[in-house]
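Trainee: Reminder that position 488 of the sequence shown reads as 471 in the working numbering, one-by-one numbering, no gaps.
The beta carbon of each residue, even a glycine, is placed where N, CA and C say it ideally should be.
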Amino acid sequence: MAVKFIEDKKIFRLDAGSSVYVMQVRENGYLQHLYYGESVKDDDLEYVVSYYNWTPFHPKAYDSVNNKIFSTDIQPMEYSVNGTGDFRVSALSINSVCGSNATELKYKSHKIIDGKPKLEGLPATYLNEGDKAQTLEITMTDQFSGVEVKLYYTAFDSLNVITRHSVIQNNGNESVFINRAMSTCLDFYNCEDYDIIHLYGKWAKERQIERTPLLHGITNISSKRGSSSHYHNPFVALCNKTTIEDSGNVYGVNLIYSGNFAAEAEVQADESIRLIMGINPIDFSWKLEVGQSFTTPEAVMVFSANGIGEMSRTYHKLYNKNLCRGYWKDNKRPILINNWEATYFDFDDEKLEKIAKGASELGIEMLVMDDGWFTNRIGEFGGLGDWEVDTSKLKEGLSGLCKKINALGMKFGIWFEPEMVASNTKLYAEHPDWILHVGNRTRNLDRNQMVLDLSRNEVRDYLFQKISSILSNANISYIKWDFNRNLTEVGSAALPRDRQLETFHRYVLGLYELLERLHNAYPKLLLEGCSGGGGRFDPAMLYYSPQIWTSDNTDALDRCKIQYGSSLCYPASMTSAHVSASPCHQTHRASSFETRGNVAMAGSFGYELDLNLLCEEEKEIVKKQVKQYHEFYNCIHYGDYYRLVSPFENNYCAWNFVSESKDEAIIVFVVNRDGICSRYFIKPKGLDPNKKYKDEETGKVYYGDTLMRCGIKLNKQFNDLGSILIHLKSVD
Ligand code: GLA
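1. Determine the contact status of L367 and Q275, defining contact as a CB-CB distance below 8 angstroms.
2. Where V718 and N634 are concerned, what is the direct C-alpha to C-alpha distance, given to the nearest angstrom?
3. Cutting at 7 angstroms between CB atoms, please list the residues of its own chain near R296, excluding the five before and the five after it.
4. Is it buried or exposed for W37, if we count other Cβ within 10 angstroms and need 16 for buried?
5. Does the beta carbon of N716 fall short of 7 angstroms from some heavy atom of the ligand GLA?
6. Based on the DSSP output, what are the partners of W716 in its beta bridges?
7. Which term fits K115, buried or exposed, when burial requires 16 or more other beta carbons within 10 angstroms of its beta carbon?
8. So, F357 versus V372, is the Cβ gap smaller than 8 angstroms?
9. Compare the beta carbon distance of T108 and N305 with 8 angstroms and say whether it is the shorter of the two.
10. Quick one: measure Cβ to Cβ for T537 and Q546, integer angstroms, because I've assumed they're closer than 8 angstroms.
11. What I want to know is whether the C-beta of N467 ends up closer than 7 angstroms to one or more non-hydrogen atoms of the ligand GLA.
12. Does the distance between the C-beta of D373 and the nearest non-hydrogen atom of the ligand GLA fall short of 7 angstroms?
13. Taking K696 as the reference, give the member of L704, N702, K683, D703 with the closest Cα.
14. Given that a residue counts as buried once 16 or more other Cβ atoms are within 10 Å of its Cβ, and exposed if not, what is H148?
15. Would the C-beta of D429 count as close to the ligand GLA, meaning under 7 angstroms from any of its heavy atoms?
16. H213 to G261, Cα distance in whole Å?
17. Which runs of the beta strand (DSSP E) at least 3 residues long sit entirely within the segment 554 to 592? Give them in chain order.
18. Have a look at S211, W323, S406 and flag the residue whose alpha-carbon is nearest the alpha-carbon of L470.
19. Just the C-alpha distance for G365 and D416, rounded to the nearest angstrom, thanks.
20. Could you tell me whether the Cβ atoms of V473 and G104 are closer together than 8 angstroms?
21. For the candidate residues F466, L592, S22, whose alpha-carbon lies nearest to that of W186?
22. Just checking W356 against the ligand GLA - is the residue's beta carbon closer than 7 angstroms to any of the ligand's heavy atoms?
23. Does E157 pass the burial test, meaning 16 or more other C-beta atoms within 10 Å, or should it be called exposed?
24. What is the residue span of the beta strand (DSSP E) that G20 lies within?
25. According to the Cβ coordinates, are N243 and P554 closer than 8 angstroms?
26. For the ligand GLA, any of its heavy atoms closer than 7 angstroms to the Cβ of C567?
27. Grab the span of the beta strand (DSSP E) containing E511 for me, first residue to last.
28. Note down the Cα distance separating G493 from L454, rounded to an integer number of angstroms.
29. Ordered along the chain, which non-local residues of its own chain (more than five positions away) have a Cβ less than 6 angstroms from that of F171?
30. Is L551 near K300, with beta carbons less than 8 angstroms apart?
31. Would W638 and E485 qualify as a contact pair, given that the criterion is a beta-carbon distance under 8 angstroms?
32. For the ligand GLA, I want to know if D535 counts as a neighbour, meaning its beta carbon is within less than 7 angstroms of at least one of the ligand's heavy atoms.
33. Using 7 angstroms as the cut-off, classify the Cβ of W464 as near or not near the heavy atoms of the ligand GLA, replying yes or no.
34. With a cut-off of 8 angstroms on the beta carbons, I'd call N389 and V351 a contact; round off their distance for me.
35. Would a C-beta distance cut-off of 8 angstroms place I418 and D429 closer than the cut-off?
36. With DSSP collapsed to three states, give me the class of T167.
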């Protein structure tokens, strides 16, 4: 049983894999957190929560327990509220009838549900046939406003995963405003000194790992850009000082959401810690009419007692099996060539056909026509929104070009940026109010474009119809769905004044609705998410697009860091990675073809250059890489990923994949700056110690334990940015 209720003590116990989560309804009706971490045998953990006789400046809650002071400002609370005595960051704040933000929640009832209910209008993890999980639904009430809050916890049987979200329902007599409704709240009461790990970045430098001690006060990792963003990712982890890749406790929290998010970690003087995560309360307010409800996005909590690596592998498994959906979840995706870095805007059908022909001869399976195929697109200016084919570039139209590409035995894909509009379009001329805007304030441009108001039905209908008409025009197998700016002047002409602060969230809900419609209408369409590279690289987008363009930066060295960082919670199958030209267009750094391939192989692999321009030797390498792609597909997409040497801390880096059966492993090693007479050893992880593995290149055979303990000596002189890929296969 994943969820247990111990009646006499009113204790809830959730077992998820080898982790356990315990909470209790106190005599005064508060829901108190007791423990989260590695499994323990006892259920009654009430004793860990201390009481106080004297608590200056911590308001006493209205009732005490057993004549001891119970202050919500000191006790670990399950879903903290604002304005009634708990001064720490709150998960919920409701502005009710009289205009005050004071909120108080007490237990009303609970239900244990087999399986996992869906979240209305929001992407979330789901169960496959045979997966076991139970969901606990706890109903709490705020008597004053009549608001009811249902807290949902799903504990997965075989993974250390607990998902959380809440549903806020107005059962009162008047409308209320939600100012804050976080998805999860975690109180740590055991006075351990934690570090926080998070992923920061910017355009072309996404998801850099940072680990710092948590300071007293509030650490805030968030986005208010309208998307999860290049700058911060909706992922944080708390871990002990001693936690490393393979040992120690770590708690990961990842929000399945693509809009404004916030993770706030507050450390008190008594060293207790509260971590909350959910929709960013800044620029957010939601009017809840009587009878209406509001659902928060889902937070995915992963606990590992065996280090950061195990936490990552748990996320990878969950996301590959229980978040990614549709045809391309289990079917091999085509190796693609994208013309962006080969031509930028300067292309026509002949040029594309030539690129495709050269690529098809080397085994590439799909051509993706990037930005620039539609009318009024002059470089980065104009065109977005009308989505009509520019026949001066594609002389035989889209279907003419597509047929030619198909005739080469290749699939055809196309770039779109549906959420945007340019001012030189019919769409803008006819519907200037379909843009996110605030009265007659200046509509700020970014990349010369504005953002459509996706909260509006008619806008989504228009986009669905436009995309469908392009898809019905030609045999299109793939869409790269781009999003090249952040949101400003976020207001909707369709909403009344007291609902304007709902626009950010309604935009995201609108986006999900549109993506869901496409998913249902075109089940075999492969969607690749993108936002100026990895500006919307989050688990919610993975629900709709099995792969996401990781970064506009295709430099092999920078990619080592970006992909290493992304791997903290995102699987390689989601991480699009392409071999591009050298020197790299973004950094002007040169690297060998092998290294670019070895690095890109750790993701959803493809090319982003004109392969016709390669010398014969390089073309042979492409053929080898294509062969490797097919051979390694299952190991990389569905295998276990191990980080070996971090590029953030060393002059070289390494990682390895191990297939589910442990019969195969792929190790990649990349040197940043080679030292004179350097000697490198790689110690792969996750192999079966009792199996023998053959190095496919050298023919040498070793036991798994030898490889993992003694390592492989790399008898090779590496130049700067040199690399090696080692393929191990088990032998009898
Ligand atoms: C974004 C994407 C690129 C490319 C361009 C086209 O920057 O990240 O890959 O598609 O847009 O304009």
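Mentor: Judging by the given coordinates:
1. no
2. No statement about residue 718 is possible, as the shown extent of the chain runs from -16 to 715 and does not include it.
3. D623, Y624
4. exposed
5. What the structure shows of the chain is the stretch from -16 to 715, and residue 716 is not part of that stretch, so it cannot be assessed.
6. This structure does not reach residue 716, given that the chain is present from -16 up to 715, and the question cannot be answered.
7. exposed
8. yes
9. yes
10. About 11 angstroms separates the two Cβ atoms, so there is no contact after all.
11. yes
12. no
13. K683
14. buried
15. no
16. 18 angstroms
17. 558 to 563, 587 to 591
18. S211
19. 18 angstroms
20. no
21. F466
22. no
23. exposed
24. 14 to 21
25. no
26. no
27. 509 to 512
28. 21 angstroms
29. I256
30. no
31. no
32. yes
33. no
34. Incorrect: roughly 14 angstroms between the Cβ atoms, too far for contact.
35. no
36. strand
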